[in-house]
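**Student:**
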Amino acid sequence: MATARRRIYCPVLTLTPPGWGEVAEEPQLTPHQFPRGASPGTFLHGLFEDLDFTQPVPADWMVEKLRSGGFAEQWTPVLTQWLDDVLRTPLPGRRYRAEPAHCGG
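In structure tokens:
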């Protein structure tokens, strides 16, 4: 007489920790995370000295400045946008901004 085999089925429980397998996004940089101190401050000041206030800030110009200043290129979009925002910000008590339409050149 043949022995009958019983099959026992066990449910498979897969535990996946939160975030497992997901690629973590790099934190979004902001101007307020730019390095602080005398050297970074001098670098930022120099950007305004060399900047053409009548034109948008070119990304390739910013890359060149960052490289020559010893800063990572990852700051390019952050500083480019920041400087563009500064140039478009109205000055208190003035009827103009430091943008091409108001520079008279």
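For the sequence shown, counting from 1, position 35 maps to 35 in UniProt numbering; every step adds exactly one. Ideal Cβ placement from N, Cα and C applies to all residues, glycine included.
Asp-52 by DSSP, collapsed to three states: which one?
**Tutor:** On the sequence shown, residue 52 is found 52 positions in, with the first residue counted as 1. Looking at Asp-52 - three-state DSSP - the assignment turns out to be coil, as it is neither helix nor strand.
**Student:** Return helix, strand or coil for Leu-29, following the three-state DSSP convention.
**Tutor:** On the sequence shown, position 29 is the one that residue 29 refers to. Coil.
**Student:** My output table needs one value for Gly-70: the three-state DSSP class, helix, strand or coil.
**Tutor:** Counting from one through the sequence shown, the residue named residue 70 turns up at place 70. In this structure, Gly-70 counts as coil in the three-state DSSP scheme.
**Student:** Might you give, ordered along the chain, the residues of its own chain that have their beta carbon closer than 7 Å to the beta carbon of Trp-82, omitting 5 neighbours on each side?
**Tutor:** Working through the sequence shown from its first residue, we reach residue 82 at position 82. Cβ neighbours of Trp-82 beyond the five flanking positions: Pro-31.
**Student:** Would you mind working out which of Thr-42, Gly-41, Met-62 sits nearest Leu-51, comparing C-alpha positions?
**Tutor:** Within the sequence shown, residue 51 is the residue found at index 51, counting from 1. Comparing Cα positions, the closest option is Met-62.
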